[in-house]
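Using my numbering, you'd call the opening residue of the first sequence number 486 and step up by one each time. For every residue, glycine included, the Cβ atom is placed at its ideal position computed from N, Cα and C. Here the structure comes first, spelled out in structure tokens, and everything after it is commentary.
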Amino acid sequence: MEDTQTELDQLLEGLNEPQREAVTYGDGPLLILAGAGSGKTRVLTHRIAYLIATDHAKPSEIIAITFTNKAAGEMRDRAGLLVGRRVRAMWVMTFHSASARILRAHADKLGFTRQFTIYDQADSRRLVKRCLDDLGIDPKRYTPASIQHQISAAKNSLTSPDEYAQAVGSVYEQVVADVYGSYDRQLLRMNAMDFDDLLVRSVNLLELFDSVRHGYSTTFRHVLVDEYQDTNHAQYRWLQLLAGEHRNLMVVGDDAQCLVEGTLVMMADGSERPIELLNVGDEVLSAYREPARIVRTYRSTDRRDGVRIRTAGGRTLVSTREHTHFAGGLGDNSHQVAVISQVATIEGAPPLPMTPASSVRPGMLMFDAEQEYDVVLEVERVPLTKPVYDLDIEPTHNFIANGIVTHNSIYGFRGADITNILEFEDTFTDAKVIKLEQNYRSTQTILDAANAVIRNNRGQKPKSLWTEIGQGDPIKVRELDDEHAEARYVTGEIQRLIDEGSSRAEIAVFYRTNAQSRVLEDTLVRAEIPYQVIGGPKFYERMEIKDAIAYLTVLVNPQDVGAFTRIVNSPRRGIGSTSLSRVLGHANTVGGSIWDAASEPDQVPGLGAAAIKAFKRFMGTMHTLRERAEQNIPVAKLLNELLEESGYLEWLRAERTIEAQGRIENLEELGNVAAQYDVADTPRDGAEAGAEKSLGEFLQQIALVADADTRSDEEGLVTLMTLHNAKGLEYPIVFMIGCEEQVFPHSRALEEGGLEEERRLCYVGITRAERDLYVTYARTRTVFGARTFGAPSRFVGEIPEDLTDREVQAPRRFASIRARATQWNPPADAEAYEREQPAPTAYRLGDDVVHVAFGDGVVTGLEPGGIVVIRFSKDHSERKLVADLAPISKR
DNA sequence: ATCCTGATTTTTTTT
DNA sequence: AAATCAGGAT
């Protein structure tokens, strides 16, 4: 008894009041709103330990869900420190791992086998492309990427292909609907699921089979979720189903601020105000749409906003989906609910008799007209009957939680749906809300900088983070010549810090895109500083690894066409696309698996003699291997035999290139991973009976562990990663590199109006730092093989001057640039070039210039006719100016 | 069926 | 700069 008491005391020691309250809170739904660095992982892990110590739950009755493997690993480790080996019985994993685990036990109920293959993004993309081809859709007009994105979005909102098809409101959506349907059928046929399916299918499973749901929801007495603000609708539903029995759902969400245009809120004191004027922390009673009229013109050819105008039989029908998506004109993923109220005018047409909308059906209008007209529609934003948070709002993701204005997400691109926090409160009206506001991580300087940056996200002052740690050193902002100079600077500083006694493990470098790591890696290698890259070009995405995995996959899941086509001709065995599609077609007509069809090539009509022979040989070895696989020999052994007997290794050896050598080494590495799996004592993470060790298990494991998630904290490595990966981590010393416009904020995000999300990312980056923060940017950088000149990131400017210690290098001449510029004009064309540009401009690429109105800028391009392209640092615009006429001068 | 060449695209971010 | 792709030559 006394032991228990001291154990509890230890658990609660050093927690502040709200943290302690969260840890010890009893049964029932619990929402934790936690600011950056406020110790939410701590709260989560301590609560887990507390539940066990007080016998609220057995370890096997606890499921803790995170988004990334990294976070899951960290949570597992930290919980392990508190409860010891008992963590093994808990489910501490990502949504996807847990889903896969559940599905593996019950997939047969949904028409899959438990050997189903998991398709990653690339596999899925390929399949989408194939569906496009099959349906004869022009992949130029409808890119696989965009279709895939739409399908993914549909899945994440639990919209089935049928439901999607029902709601189609444009040609584009019709295409998506067609592909979506075909794509899903293909997956089922191939016994495969994509990442989204893992969630969707497990939701289906839990919804359709009471016994299954009952089983899991009774087992999981306590469900805990990290980064709840990043959940999408499917995940929300998933949690609901699992926590439905005991209702012990604890979610932890980060906290910031956002807004929704055109929305009014009722404040706690009864006053009404636009949501734009809310501050984080304000208390709100309710929120609702301000009714508004919008007038928009649609050409009869337009396919925007789901509006369709069709003329047939002397009548014209104007229709929208009932709840169409009126973006700020921006397409499919914005969600202002509106319906057409009436056709205001029809351009170029006499007044026409109209059928009132109501007599057709909402969102439709009909009038008599022989020809198609452009129609000006009056669109009415409908006052909502639902509470405002039933909308998923993009791109800003603003929301109100529990009556308190709060947060957003950096994972908008993945379909994250902030409204879940609201629905949480809606579903669990008795939810307890606890706010964690004190920051235990960073110096006040760093917090002030983060606050200052995030303040630019329209919603004004966020709740300011505060700390007792003290002011700390100023943020070091550095401008360098180019990415190489930047890398050298960072490397030099790291060297210095290490010499002064810092440990390498205390240092992290963040960048926006994975590609940026390369230059830095080069200099780090040269400086002999050990480092690790998190994420990035993934081991499991390498060609040879994917091939090897595809071989294994085919052995386990002979229906997997994707895997089969991948390996059938690598190494080359004389089976080209023609032969393959013959066999594929035959399999389709007969209705058998690709494996079966290929096993009997004689039966395939139109297959050439050479191809038949090739197939026989190939399938011969595959059959032998399959037998071996069924004997359940160790995976590593099977892999080895497979690589030898398929001739894959032989093929690589024959290449005799360094590259092939590298591939062989990678395959050896995969062999090591397999061997490790073979000797591991349990099939990870305990609990589930029947999850015995098998090839299938192995494949699932590596499908979900995207990277060789080997972040070793202990071994004294400097850590490199993208800002996205940095989420949830902290380091004493942080470098944020590549802080230039177009890089960060990223050009593509900028185009799509994702600036605020980028800013949030910047906020995340800054708040990772405990003690020292470096922010660097380069005057020039190579992008897509071409030199570009960038302005410093606006985020740099948003950090108050007095928090920084800015050092800007004197501009250097860009000798190498000029040398390249002359190379661009081949000697033969030199004369023509001269003629076209008679007055050689006084400007060169990279020159600093001053414009009377626009201010400072840099020359980013030269065009014929004496036109210079200048990017201005003031508003980040790029303008083309006539050099001789524009009021500009060199600086 | 395979290989070669020139053209085009690619870089968000994660499971 | 590197990777992927399409079309054509072998």
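| Nearest to Thr551 by alpha carbon, out of Cys1247, Ser987 and Thr716? | Thr716
| task | List the endpoints of the continuous alpha helix (DSSP H) containing Arg981. | result | Glu968 to Asp984
| Residue from Leu1240, Ile622, Ala1095 and Thr1252 with nearest C-alpha to Lys1212 | Thr1252
| query | Looking at C-alpha atoms only, which residue of Ser655, Asp512 and Phe601 is the closest neighbour of Arg686? | reply | Phe601
| task | Under 8 Å Cβ to Cβ from Val508, same chain only, skipping five residues before and after it: list those, please. | result | Leu496, Leu497, Leu500, Val528, His531, Arg532 and Tyr535
| field | Reference Asn924; option with closest CA among Trp951, Tyr721, Ala607 and Glu968 | value | Trp951
| Which whole runs of the alpha helix (DSSP H) in the stretch 682-751 are 4 residues long or more, in chain order? | 695-704 and 718-728
| Where do the ends of the beta strand (DSSP E) carrying Glu1255 lie? | Ala1254 to Val1268
| message | Assuming the contact rule is C-beta atoms closer than 8 Å, Leu691 and Phe580 should be a hit. Round their C-beta distance to whole Å, please. | response | Actually they do not touch by this definition, with Cβ atoms about 13 Å apart.
| Is Asp512 helix, strand or coil when you go by DSSP? | coil
| message | At the level of alpha carbons, what is the spacing between Ala1368 and Phe1274? | response | 18 Å
| query | Rounded to a whole number of angstroms, what is the C-alpha to C-alpha distance between Glu1182 and Ala1033? | reply | 16 Å
| said: In this structure, how does DSSP classify Asn1157 when only helix, strand and coil are distinguished? | reply: helix
| Rounded C-beta distance between Ala583 and Ile548? I'm assuming under 8 Å. | 7 Å
| request: Answer yes or no: do Gly1156 and Asn1117 have a C-beta to C-beta separation smaller than 8 Å? | output: no
| query | Span of the beta strand (DSSP E) holding Arg1272? | reply | Ala1271 to Phe1274
| request: Throw me the rounded Cβ distance for the Ala542 and His718 pair, which I believe falls under 8 Å. | output: With 8 Å as the limit, Ala542 and His718 do not qualify as a contact, their Cβ atoms being about 28 Å apart.
| field | Where Thr1345 sits in the DSSP three-state scheme | value | strand
| request: Just tell me which of Ala1139, Asp681, Ala677 and Thr1345 has its CA closest to the CA of Thr1265. | output: Thr1345
| Does the count of Cβ pairs from the stretch 690-704 and the stretch 655-674 closer than 8 Å reach three? | no
| request: Answer with buried or exposed for Leu1189, where buried requires no fewer than 16 other C-beta atoms within 10 angstroms of its C-beta. | output: buried
| said: Between which residues of its own chain and Arg722 is the CB-CB distance below 7 Å, once the five residues before and five after are set aside? | reply: Leu643 and Val688
| In terms of residue numbering, what span does the alpha helix (DSSP H) encompassing Thr1038 cover? | Met1028 to Val1041
| said: Just to confirm before moving on: does the CB-CB distance between Cys1247 and Val938 stay below 8 Å? | reply: yes
| said: Using DSSP's beta-bridge definition, name the partner residues of Pro1090. | reply: In DSSP, Pro1090 forms no bridge with anything.
| request: Report the rounded CA-to-CA distance for Tyr1025 versus Arg586, giving the unit in angstroms. | output: 20 Å
| query | Leaving out five residues before and five after Asp663 in sequence, what residues of the same chain have Cβ atoms less than 7 Å from its Cβ? | reply | Leu620
| query | Asn924 bridges to which residues according to DSSP? | reply | Thr952
| field | Coil, strand or helix - Glu1215 by DSSP | value | coil
| query | Among Phe913, Ala592 and Phe1280, which one has its Cα closest to the Cα of Asp512? | reply | Phe913
| message | Output needed for Leu515: all residues of its chain with C-beta closer than 6 Å, excluding positions within five of it in sequence on either side, in chain order. | response | Met735 and Lys917
| Endpoints, the beta strand (DSSP E) within which Lys1375 is located | Ile1373 to Lys1375
| request: Decide if Glu658 is buried, meaning its Cβ has at least 16 other Cβ atoms within 10 Å, or exposed. | output: buried
| said: Please tell me whether Pro503 and Ile919 are closer than 8 Å, where the distance is taken between their beta carbons. | reply: yes
| request: Answer yes or no: do Tyr627 and Leu612 have a C-beta to C-beta separation smaller than 8 Å? | output: no
| said: Need the endpoints of the beta strand (DSSP E) that Asp1045 sits in, please. | reply: Run containing Asp1045: none; DSSP gives neither H nor E here.
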